[in-house]
Structures are given as structure tokens and as C-alpha cells.
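**Student:** Numbering (the working numbering), first residue to last: 218 to 466. For each residue, glycine too, the CB sits at the ideal point set by N, CA and C. Got a structure for you, questions after.
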């Protein structure tokens with residue numbers, strides 16, 4: 218694509234996970250705590266928490282509806298960029314790896330320009346303020362991308378770390394498995410597994426200072442607790458055996 222060309226807008230994409238379910242779960246947890254607090258402090262009766270999958274994920278989009286009401290413009294899809302701050306994107310390095318940059322704060326943008334050897338951009342009217350940079354994001358993004366593409370990921374990370382510019386590596390799962398932060402914080406913990414020997418599991422978060430959580434047991438096998446649970450609700454051993462024989466459980 219020619220430098221300065223309008224690279225924005227692209228087909229829509231879906232997240233590779235159940236994002237609506239995850240976000241709704243967080244809202245549901247907060248809603249439950251709020252209802253419990255209302256009963257504890259205000260004497261409120263029990264409440265029904267009305268929560269859909271759609272509303273929480275729509276809420277995290279921010280002021281999209283207000284912006285459209287004011288401008289009557291549908292924003293273009295910009296990938297890892299944004300139409301409110303610049304520069305910000307994911308950039309390919311010379312070794313095929315990627316780095317992520319967020320330098321939208323004025324001081325950070327100025328520091329970035331000096332670090333890539335383009336102090337002149339600080340006086341360029343196209344990039345002087347955040348509003349200017351957003352208006353000319355395509356041109357600016359090409360300049361930053363060219364610098365990143367001329368260096369390896371390690372070189373870029375070292376350069377920007379020394380300069381105090383917020384640039385971080387984009388890691389795939391193979392890199393994350395042994396990433397220093399994850400290893401030192403024990404973000405992943407290996408637990409025994411009857412089939413695989415051991416498997417990495419996510420550690421408990423958040424970490425409470427006085428009542429820390431812990432993983433007490435491994436995930437159960439399919440149907441492992443059928444007898445125990447059905448027995449608790451009144452099924453006899455013979456009834457459970459019949460359910461197993463006819464394929465119900």
C-alpha cells in the first residue's frame with residue numbers, strides 16, 4: 218500500500234473466544250455483590266438481577282452512540298489503531314515478530330519521534346497535537362511502521378525501553394508459556410493430569426492478601442461425581458445404575 222494511503226476499514230472480525238459471556242459474567246458478579254451490599258447496608262430485600270449478554274459488551278464500546286448522534290458518521294474499522302488517539306498500533310518487525318505501541322500522550326509522542334530520529338515531527342503541524350495526529354493517522358502510522366520494520370523485535374524493545382517509550386512485545390502462546398513475567402508471577406501453574414502427566418492451568422486471580430484462593434482439585438472426569446451428586450438428591454444406587462445402563466448418564 219502506498220505511503221499515506223487510506224488503510225482504514227476492513228471486514229468485521231469476531232473475537233476468538235466467548236467475549237460476550239466473559240464480560241457479562243463480570244457484570245453479573247458485580248451486580249450480585251451490589252445486591253448483597255444493598256441488603257447488608259440498606260436492608261434491601263432480595264433482588265432479581267436482569268442481565269443480558271448484549272448490554273455489557275455494548276457498554277464497553279464507550280461513547281460510540283453519542284459520537285454517532287453528534288457526527289452522523291459511522292467510524293471505519295481501524296484494527297489495532299483508534300480514531301481518538303495516535304500513534305497506536307501493532308507493527309511488524311524485520312524478523313517477522315510484532316511489537317505493540319501506545320504513544321498517544323503528548324510527552325510520549327514527542328519522545329517517540331525523537332527516538333526514531335524524527336524530532337522534526339514535533340514541529341510538523343500534521344502531528345503537533347493528538348487531534349492533528351489522529352487527523353493524519355495514516356501518514357504517521359506509515360512513518361512509525363517503517364522504523365519498526367527496519368529492526369528486529371528485540372532491537373525495537375531495547376531501543377524503546379531505554380527511551381522510556383511504551384512499546385511491548387506481541388507474544389504467541391509459545392512465547393507466553395515461558396515469558397519472564399508469567400513465570401515469575403506464577404500466572405500459569407502446572408498441575409498433575411492422569412492423561413498428560415501435568416497440564417498448565419491459570420492461577421487464581423485476583424490474589425487476596427488475607428484469604429488467597431487456591432485450586433483445590435483437578436477438573437473432574439466426565440461423570441466422575443454422578444453417583445455422589447445424584448445420591449445427595451435422593452437417588453438410590455440401583456436407580457443410578459439403571460440411569461447409567463440406559464445411557465441417561
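#1: Hey, would you say residue 326 sits closer than 9 angstroms to residue 350, going by beta carbons?
#2: Distance, Cα to Cα, residue 449 vs residue 289?
#3: Considering only the alpha carbon of each residue, which of 268, 346, 386, 447 lies closest to residue 244?
#4: Would you mind reading off the limits of the beta strand (DSSP E) that contains residue 290?
#5: Do the CB positions of residue 318 and residue 300 come within less than 9 angstroms of each other?
#6: At what residues does the beta strand (DSSP E) containing residue 317 begin and finish?
#7: Hey, out of 272, 264, 370, whose CA is closest to residue 241's CA?
#8: Just how far apart, CA to CA, sit residue 252 and residue 331?
#9: Where in the region 228–284 do unbroken runs of the alpha helix (DSSP H), each at least 4 residues long, occur, reported from the N-terminal end onward?
#10: Taking the alpha helix (DSSP H) that residue 300 belongs to, which residues open and close that run?
**Tutor:** On the basis of the supplied data:
#1: yes
#2: 59 angstroms
#3: 268
#4: Where residue 290 is concerned, there is no enclosing beta strand (DSSP E), given that its DSSP letter is neither H nor E.
#5: no
#6: 315–319
#7: 272
#8: 52 angstroms
#9: 236–259, 271–276
#10: Note, residue 300: premise wrong, no alpha helix (DSSP H); not H, not E.
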